[in-house]
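Here is the structure we will look at, set down as structure tokens.
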Ligand SMILES: *Cc1c(COP(=O)(O)O)cnc(C)c1O
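Residue numbers (the numbering used here): -11 to 434.
What follows is the structure, encoded as structure tokens:
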């Protein structure tokens, strides 16, 4: 299986210089059983799909912002020594965000947080009638999204069990087949108000056929929205050209904006003329008169008109560092070719499975056009009690963490490993595979 040489691949990696720009988490504080020598060594961080790493440049920027706050306080909203006045700071970020999702800058706002933005968008775009009230989504969507769907249906007086229609993979399969998604849209389309999928599924890593979903759903007269939490900064998209109605995302996963980082939102420009009424807040008001505090609302056209509050500057600055300056900006298309493909992480991690009783199944689709950077390993569910009462997945995960391999566990039985092209290396993928092999050997001997 090792026809690919990770050292050679790393040497040829066009993104290799970016690794040095990040703080790599050290072994000791995460791996509980780190030996003395291992303390202080960087661990193999494969959780960038959950929380991206802090870039050194972001650290500098945050310190600058604290200093500005200390020295200038309110004045920095307009006079900022580093040319990042706080009042329009989100505007510095939106063009880059727009590029990442394939949108016009006016179609994107840098604002709020993911679940709140989802509710905001659903408030605008989920306007069910007795005949057309369903929300069509993938089964096992991220729980926050499921809660949002159910509570929105209930808010409109519908029974969530009837209104929220989930499409499940076939028996024995893990990814949704495109034809099954299309069949469900065909079947439920006439009664569906909103088709809302994630771009990349958080649990399986499946990248859904977003363009086809949009086309099919539009042909049935449905509104189409996407949750891009795991897609933005991971896979290329063309939301504008595809005709997606709206999308929401967070930026602390593949965009490295830091825990709780500011969110993003897309609303297609076609809605500028036919839009349902926006909900208003002062940050959606014309910035040239906003601080005159006029009683009458004068909205900003486009997605920025959905802004409600002034943005969290420190976290917006994180983002700015990553995205705004073109020398730091990398097109997602450039990120994809190497580590997302089966010759990257997957082949190396898949090889240890052969012939082992505790073998896992990779549930992430193989096809590069149906996946991002993440690899999800499914472990056989076992209710039989092991010496420590843990299931195989939990035992393997704990053993990996103890050896400095930081993926994450997702109940019930999946370990997600996400080699992020920007800062992970092929050698790390191979190292993770070697450790996984050791762990499996150890378990097999028990
Ligand atoms: C990460 C993630 C969230 C988290 O929501 P927040 O509002 O940022 O806490 C929600 N939905 C999906 C699909 C996610 O992947």
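Glycine included, C-beta positions come from ideal geometry on N, C-alpha and C.
Assigned exposure category for residue 222 - 16 Cβ within 10 Å defines buried: buried
Sub-8 Å separation of residue 64 and residue 74 beta-carbons: yes
Bridge-paired residues (DSSP) for residue 287: 273
Buried versus exposed call for residue 54 [16 or more other C-beta atoms within 10 Å across all chains shown]: exposed
Rounded separation between residue 49 and residue 392 - CA only: 29 Å
Alpha-carbon to alpha-carbon, residue 245 and residue 450: Given a span of -11 to 434 for the chain in the structure shown, any question on residue 450 remains unanswerable.
Residues that residue 188 bridges to, as DSSP identifies them: 195
Unbroken stretches of the alpha helix (DSSP H), 4 residues or longer, contained in the stretch 90 to 162: 102 to 113, 131 to 143, 148 to 151
Beta-carbon proximity check, residue 2 vs residue 13, cutoff 8 Å: no
Residue 124 vs residue 153 beta-carbon contact at 8 Å: yes
Near ligand 2: residue 103 beta-carbon under 7 Å from a heavy atom: Looking for ligand 2 in the displayed structure turns up nothing; the ligands present are ligand 1.
Where residue 81 sits in the DSSP three-state scheme: helix
Start-to-end residues for the alpha helix (DSSP H) that takes in residue 399: No alpha helix (DSSP H) contains residue 399, which DSSP labels as neither H nor E.
Burial state of residue 379, where buried means 16 or more other Cβ atoms lie within 10 Å: buried
Environment of residue 67 [buried if 16+ CB atoms lie within 10 Å]: exposed
Residue 138: CB within 7 Å of a non-hydrogen atom of ligand 1: no
Own chain partners of residue -2 with C-beta closer than 7 Å, once the 5 adjacent residues on each side are dropped: 4, 413, 414, 415
Simplified DSSP assignment, three categories, for residue 57: helix
Near ligand 1: residue 399 beta-carbon under 7 Å from a heavy atom: no
Span of the beta strand (DSSP E) around residue 347: Note, residue 347: premise wrong, no beta strand (DSSP E); not H, not E.
Endpoints, the beta strand (DSSP E) within which residue 246 is located: Where residue 246 is concerned, there is no enclosing beta strand (DSSP E), given that its DSSP letter is neither H nor E.
Contact check, residue 121 vs residue 146, beta carbons under 8 Å: yes
Selected residue, minimal CA-CA separation from residue 108, among 79, 255, 93: 255
Neighbour-count burial assignment, residue 10, 16 or more Cβ in a 10 Å radius: buried
Limits of the beta strand (DSSP E) - the one that residue 213 falls within: 211 to 215
Three-way DSSP call (helix, strand, coil) for residue 359 in this model: strand
Pairwise C-alpha distance: residue 212 and residue 294: 18 Å
For residue 390, the residue or residues it bridges with in DSSP: Its beta-bridge partners do not exist; DSSP assigns none.
CB-CB length for residue 274 against residue 286, believed under 8 Å: 4 Å
Range of the contiguous beta strand (DSSP E) that encloses residue 74: Looking at the DSSP string, residue 74 is not in any beta strand (DSSP E), and its letter there is neither H nor E.
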